[in-house]
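Trainee: Below is a structure I'd like to ask you about.
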Amino acid sequence: LSRRRLDSNALLCDCDLMWLAELLKKSAERGSLQTAATCEAPSELHGRSVVTLTAQEFHCESPRITSEPHDVDVHLGNTVYFTCRAEGNPKPAIIWLHNNNEIDMKDDNRLNLLQDGTLMIQNTKESDKGVYQCMAKNIAGEVKTQGVVLRYFGTPSKPTFVIQPQNTEVLVGESVTLECGVSGHPHPRVSWTLGTGSPLPQDSRFAITSSGGLYIQNVTFSDQGQYNCNASNTEGSIQATAKIIVQDSPRFLLIPTDQTVTEGQSVDFPCSAEGHPPPVIAWTRAGGPLPNDRRHSILSSGTLRVMRVALHDQGQYECHAISAIGVKSLPVQLSVTPRVIPVFLHPPQDVVAETGQDVAITCAAQGDPRPTITWVKDGIQITESGKFHVSPDGTLSIQDLGVADQGRYECIARNPFGFTSSTMQLTITAMDVGRSGDMFVATSLREAISSVDYAINSTRTELFSKRPKTPNDLLALFRYPRDPYTIETARAGEIFERTLQLIQEHVQQGLIVDMNVTGYRYNDLVSPHYLNMIANLSGCSAHRRTPNCSDICFHKKYRTHDGSCNNLQHPMWGASLTAFQRLLKPAYQNGFNLPRGFSLAEDSRDLPLPLPRLVSTAMIGTETVTADDQFTHMLMQWGQFLDHDMDQTVAAISMSRFSDGAPCSEVCSNDPPCFSITIPANDPRVRNGRCMFFVRSSPVCGSGMTSLLMNSVYAREQINHLTSYVDASNVYGSTEQESQELRDLSNQSGLLKEGQVVPSSGKRLLPFAVGPPTECMRDENESPVPCFLAGDHRANEQLALTAMHTLWFREHNRIARELSALNPHWDGDLIYHEARKIVGAQMQHITYAQWLPKILGEAGMKMMGEYKGYNPNINAGILNAFATAAFRFGHTLINPILYRLNETFQPIRQGHIPLHKAFFSPFRITQEGGIDPLLRGLFGVPGKMRVPSELLNMELTEKLFSMAHSVSLDLAAINIQRGRDHGIPPYNDFRVFCNLSSAQEFEDLRNEIKNLEIREKLRSLYGTTKNIDLFPALMVEDLVPGTRVGPTLMCLLTTQFRRLRDGDRFWYENPGVFTPSQLTQIRQTSLARVICDNSDHIQQLQRDVFQVASFPQGMVGCEEIPAVDLRLWQDCCEDCQTRGQLKALSQRFRSKRSPGFSYPEENPSK
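Count the sequence shown with the UniProt record's numbering and you get residues 1 to 1166, in order.
Structure (structure tokens):
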């Protein structure tokens, strides 16, 4: 039978016909029958297909019990009756169950089902004992009675189970019964307990049935667990257990919402659910499967992510939570708007203006998303300051125009889909008229020279005539410049700024209007003629270096010590004692030299900046340290050693304010050069002090402008004391004079000066510095060991850094001795320069091939790009933001303890040392085991992991340079204050530079700073995203996976290290710097090999000392570590005696400093 037509029959669709509907449904499911049966009556069902009707529509009634059975006690052989009656439509059939099994009357003629549903059991026997249930069933449903028990009178017997409880699954909100039937004589008492043996909850939902079962009404998830059925009588007790497994249908926790995105963007639809068993999240699109492409993906969290959304992705998507219990679904709508790249509505127009005026330059653009407008001048992005303001509509406002502001400006409109730019020319005209400050130039200049010189002299007397007594003294002595040229350069810059400040004060005294309301207007203060005179008389012009790069034979092969002549087109790029470079225009409160927050009443955006010390205590200092499971403490130490090769800001040369000579450590004021760190109320540590000592960095005279004619005021810039290049200047010094002081010129060995011998190894320590009392002799109770002398005078800052300096000074001398043995005809200068060249290349290779990949990860190294050769158009100078904020991320990697380990990597007898006791303590190297224990403590111990909630350890924020009875300093607060001192723009400006979104609200930071608590701290401290200091923001960004940095920090580091590499003519991979065979040997370099060659006794270590390894399994002998084969530097020549003299290469080279060697201005005869 395959087809049957019943539509001609007048079918009465009542409950008596429901059997036909069920039959037809089953036949249709099997595919064995096709029917056309429709209802004729009743009227409300007329024309309906029989197959589609439900039990309710057939007016069927499910069974209901009208009479229930009861427990029975009986003697064996008697007859028992269990009554059960039920009603329903159709009339229900009665079925009996014995111990949960259906009774088959045909198998036992003692059992009879009477017409009214009563069960009759004749001639009862032992097997009849147990629990009986009546079940009434019809086509509309079924219902059961409670279980009743058949028991026997007889002799005493122990309890036995006739029905044991079974593990049962139940849905939340339903009811459940765990059956438990027992027999015994006397009849056992039944009780229930929880799996632990504790009593049932005092809850009306729990009840024990008459047959001994446990009934739980309206089950909750907390009811899940094990239950015990306990039966006992006078003859004994028994127990059976069963579990209730509570199942919960899926419930949505995260509900996706409709979203509208622009074409090309990515979108996430979060969706998560809970239930038991846990549901699986699935997504469909318009009821069908998701597109089979890589753009649509479901994350482990259940989130649907659509990458690079296209217009055809628009439509409905459904999130399904699926479990064995059921399926719940939620629809969500994705709307896609076409992308629109920016186009200009009003491109900027050329402007001509006079000095001292203000100007507004319009630039408006449209696009979708709305484009961000930025302005660039001379390759540097303009940021908000007292000088510049970019309004939301893109208009650039410039205050107090000077000749320095003249030039071509570029307006850039950028959104995620592209950018467009337009340029305009700003021309500045200077009226040849006198200015209000001209009459005060002479007196102000004399006063400035007198006050600056007085402050400098009193500072030098105070610092160098006694031991440092406070952390303030220690910090000042530590940072104070030592060579006369640096001091004179800084002095000129201070006199120049001080003169302008005094002129402004004189002019203000003659005016009724308070000029503090509008701030300084320096370009309208003094005419260009007098400005140039101030520059000349302050010493600016006299200290502007002009390098001599004419000795091309020398400069083609070797670096100068001060970094000049590396770039032959721009000889001062990257040289020491030049201004730091800028990515963004500086952000000074007055546009010229005042830090943000210098005066709270005038702070940018009318919101006061938080005190740096408050930021430190609120979100930077940490007592908790998480160990890095991948990298050792050497990762931090190489970063610090490397930093001391690239930058050191020239500190203020006076620790007293210029106005009256009062010490900055005592006055707690912002009078130049003082810029004290105010202690907030209720500070957790400092109780008796009002401020921490801080002085501003020295300015570049005229802010580094290169023209000999000083006709405009330039924003304040700071001086980098070092060469910017990775050139081992921390070993050799950053000036010719420093290099001569470090060299052993007593013979033609090419060696660096050596100190005392380590008896156990025969190797030498660094030589001691000579001169007045130093920071290393601060404590009279400790051994009076002076500081060591190295290429960077910060070598003694902490013991592990001193150990690194010792390694590399030994490495130079090791290489020099081997080169001398290979080339006995070489003179000392040639040996020195060749060894120096190799050491610099080794440091470059370790940094870029072994250290940076661990910091930047694969993503950062890809962003930096491969080396493609030297580019003379790239300035390798150090960026101010890099030195002042970005590279200080290394402070977050510092452990609070310096570990000192013996040959078996156990603590040495003197123990480990807290960091605050490791500052300026060279005696601990000479008297407590040398450098080996410190080095093992670097590569044998995990470093500190940078966790956003665990930044700088308390040794740095609460005990920096600690001394008895004095207020210790706070490195985090110093970093923040230094950023403001240097005019570092806020974090948000660097986000824009790095192509991240401009954060208008704190919630806009959620992609880079996911921790809500940290974002709330930033909100509480700063009030607006526009004011967040760069350093703390970089530190709390989430790490990019596989790196140790966040996205903005990665951007800044890759920018700097790319410049250092590509802008260095002597980069070790630049063809011609080394021969191909020599370059192959340089690439064998590893820090592990340097440690093997130059430590005292270290013979076991891991191949990569930056990688965590265990002792001894993860370590190898030094003989297994590759070494550089210096035989590739051996001369092969006929007349080696001539070739081995450096003067054959450069007739002008002198073994001692010669006025005719490098700089004409250093020759007094010229």
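For each residue, glycine too, the CB sits at the ideal point set by N, CA and C.
Compare the Cα-Cα distances from Met636 to each of Val148, Ile298, Asn895 and report the closest residue.
Mentor: Measuring from the Cα of Met636, the nearest candidate turns out to be Asn895.
Trainee: Mind pulling the beta strand (DSSP E) runs of 3 or more residues that sit fully within the segment 174 to 229?
Mentor: Counting whole runs of 3 or more residues, the segment 174 to 229 contains the beta strand (DSSP E) stretches 176 to 178, 181 to 185, 189 to 194, 206 to 208, 214 to 216.
Trainee: Please say whether Thr678 and Arg690 have beta carbons closer to each other than 9 Å?
Mentor: The answer is yes: Cβ separation under 9 Å.
Trainee: Ordered along the chain, which non-local residues of its own chain (more than five positions away) have a Cβ less than 6 Å from that of Gln844?
Mentor: The residues are Val726, Tyr1068.
Trainee: Have a look at Leu611, Ser175, Val340 and flag the residue whose alpha-carbon is nearest the alpha-carbon of Ile244.
Mentor: Closest option to Ile244, Cα to Cα, is Ser175.
Trainee: Using a C-beta cutoff of 9 Å, does Glu797 count as contacting chain E?
Mentor: Note that chain E does not occur in the displayed structure, where there is just one protein chain.
Trainee: Please report the distance separating the alpha-carbon of Pro416 from that of Ala310.
Mentor: Straight-line Cα distance between these residues: approximately 14 Å.
Trainee: Rounded to whole angstroms, what is the Cα-Cα separation between Arg295 and Ala999?
Mentor: Their backbone Cα atoms lie some 27 Å apart in a straight line.
Trainee: Which of the three DSSP states is assigned to His276 in this structure?
Mentor: In this structure, His276 counts as strand in the three-state DSSP scheme.
Trainee: DSSP puts Ile412 in a beta bridge; with which residues?
Mentor: Answer is Thr374, Ser421, bridged to Ile412.
Trainee: From the DSSP output, which residues share a beta bridge with His825?
Mentor: According to DSSP, which records beta bridges pairwise, His825 is partnered with nothing at all.
Trainee: Using the three-state DSSP reduction, which class does Thr678 fall into: helix, strand or coil?
Mentor: Of the three classes helix, strand and coil, the one that applies to Thr678 here is strand, per DSSP.
Trainee: Return helix, strand or coil for Gly591, following the three-state DSSP convention.
Mentor: Coil.
Trainee: Pick helix, strand or coil for Thr723, following the three-state DSSP scheme.
Mentor: If DSSP states are grouped into helix, strand and coil, Thr723 belongs with coil.
Trainee: With distance defined between alpha-carbon atoms, name the residue in Lys26, Asp1104, Thr1075, Val1073 nearest to Leu1087.
Mentor: Leu1087 has its Cα closest to that of Asp1104, out of Lys26, Asp1104, Thr1075, Val1073.
Trainee: In angstroms with no decimal places, state the Cα-to-Cα distance between Ala324 and Val246.
Mentor: Going from the Cα of Ala324 to the Cα of Val246 covers about 13 Å.
Trainee: Which word fits Pro291, buried or exposed, when buried means at least 16 other C-beta atoms lie within 10 angstroms of its C-beta?
Mentor: It is exposed - the Cβ of Pro291 has fewer than 16 other Cβ atoms within 10 Å.
Trainee: Three or more C-beta pairs under 8 Å: does that hold for the segment 118 to 135 against the segment 71 to 88?
Mentor: Contact holds: three or more Cβ-Cβ distances are below 8 Å.
Trainee: If we require 4 or more residues per run, which alpha helix (DSSP H) segments fall completely within the segment 646 to 691?
Mentor: Segments of the alpha helix (DSSP H) lying fully in the segment 646 to 691: 664 to 667.
Trainee: Pick out whichever of Glu40, Asn9, Ala10, Val51 has its Cα sitting closest to the Cα of Leu23.
Mentor: If we check each option's Cα against that of Leu23, Val51 comes out closest.
Trainee: Ends of the beta strand (DSSP E) at Trp67?
Mentor: Note that residue 67 is Ser in the sequence shown here, rather than Trp. Run containing Ser67: 61 to 67, per the beta strand (DSSP E) assignment.
Trainee: How would you call Trp96, buried or exposed, if buried means at least 16 neighbouring beta carbons within 10 angstroms?
Mentor: Label assigned to Trp96: buried.
Trainee: So, do the segment 1123 to 1134 and the segment 1079 to 1099 have three or more beta carbon pairs nearer to each other than 8 Å?
Mentor: These segments touch.
Trainee: Please name the residue or residues paired with Ser249 in a DSSP beta bridge.
Mentor: Answer is none; Ser249 lacks a bridge partner.
Trainee: Report the option in Arg460, Gly326, Pro92 whose CA atom is closest to the CA atom of Ser62.
Mentor: Of Arg460, Gly326, Pro92, the residue nearest in Cα terms is Pro92.
Trainee: Can you list, in chain order, the residues of its chain with a C-beta nearer than 7 Å to that of Gly418? Leave out the 5 residues immediately preceding and following it.
Mentor: Result list for Gly418: Ile341, Pro342, in chain order.
Trainee: Considering only the alpha carbon of each residue, which of Gly88, Val625, Ser43 lies closest to Arg64?
Mentor: Nearest of Gly88, Val625, Ser43 to Arg64, Cα basis: Gly88.
Trainee: Would you report the Cα separation of Arg582 and Arg991, rounded to the nearest angstrom?
Mentor: Going from the Cα of Arg582 to the Cα of Arg991 covers about 15 Å.
Trainee: Pro1112: buried (16+ other C-beta within 10 angstroms of its C-beta) or exposed?
Mentor: Pro1112 comes out exposed.
Trainee: Suppose contacts are defined by Cβ-Cβ distances below 9 Å. Is Val403 in contact with Val526 by that definition?
Mentor: No.
Trainee: Give me the residue from Ile838, Thr802, Leu1021 with the minimum Cα distance to Arg814.
Mentor: Arg814 has its Cα closest to that of Ile838, out of Ile838, Thr802, Leu1021.
Trainee: Just curious, the beta strand (DSSP E) that Cys134 is in, first and last residue?
Mentor: 130 to 138 is the extent of the beta strand (DSSP E) around Cys134.
Trainee: Using 8 Å for Cβ pairs, my map puts Gly275 next to Pro250. What's the rounded Cβ distance?
Mentor: About 4 Å; that satisfies the 8 Å criterion.
Trainee: Just tell me which of Leu799, Pro348, Pro69, Asp405 has its CA closest to the CA of Asp358.
Mentor: Per the Cα distances, Asp405.
Trainee: Nearest to Asn1027 by CA position, among Pro985, Ile1009, Glu1037, Pro759, is which residue?
Mentor: When each option's Cα is compared against that of Asn1027, the closest is Pro985.
Trainee: With distances taken from CA atoms, which of Thr145, Gln115, Val74 is nearest His98?
Mentor: The option with the nearest alpha carbon to His98 is Thr145.
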